[in-house]
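Heads up: the structure comes next, in structure tokens.
Okay, here's the thing in structure tokens:
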């Protein structure tokens, strides 16, 4: 099971389960994860799941997709990776379901609001 903890630029958080073989992230309503900002491309990035492996791929966005502070084209995600898309911060979590809620809340409280 994989999960994204999404924090908006205003500090609101939500959990997004990674449940589909491919999930898109972007500004357009047709994405699995919709980020409401003009800085986000209509179709900004995509997550692809192949068994236990989850990759993130930038879809040619203008402002880029960053993992752990580095701009990427495509990267395999590992537990705890930080993703930044135009000021939207996400933490990637990949572990057993029973640990997700406790770990997610701990990570959110450690991160604090974006400035």
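In my numbering, the protein residues as written are 1054 to 1168.
Backbone N, C-alpha and C define an ideal beta-carbon position, used for all residues, glycine too.
Subject >> With 16 other Cβ atoms within 10 Å as the buried cut-off, status of residue 1144 >> reply: buried
Original post:
Rounded to a whole number of angstroms, what is the C-alpha to C-alpha distance between residue 1153 and residue 1097?
Top reply: Here residue 1153 scores only 49 on pLDDT, less than 50, and its place in the model is too uncertain to base an answer on.
Subject >> Same chain, Cβ closer than 7 Å to residue 1150, five either side skipped, listed in chain order >> reply: Residue placement at residue 1150 is flagged as unreliable, the pLDDT there being 46, under the threshold of 50; a coordinate-derived value is accordingly withheld.
Original post:
What is the rounded straight-line gap between the Cα of residue 1172 and the Cα of residue 1092?
Top reply: The first residue shown for the chain is 1054 and the last is 1168, placing residue 1172 beyond what the model contains.
Original post:
Hey, is the stretch 1119–1128 in contact with the stretch 1081–1089, meaning 3+ C-beta pairs nearer than 8 Å?
Top reply: no
Original post:
From residue 1111 to residue 1140, what does the alpha carbon distance come to, in whole angstroms?
Top reply: 15 Å
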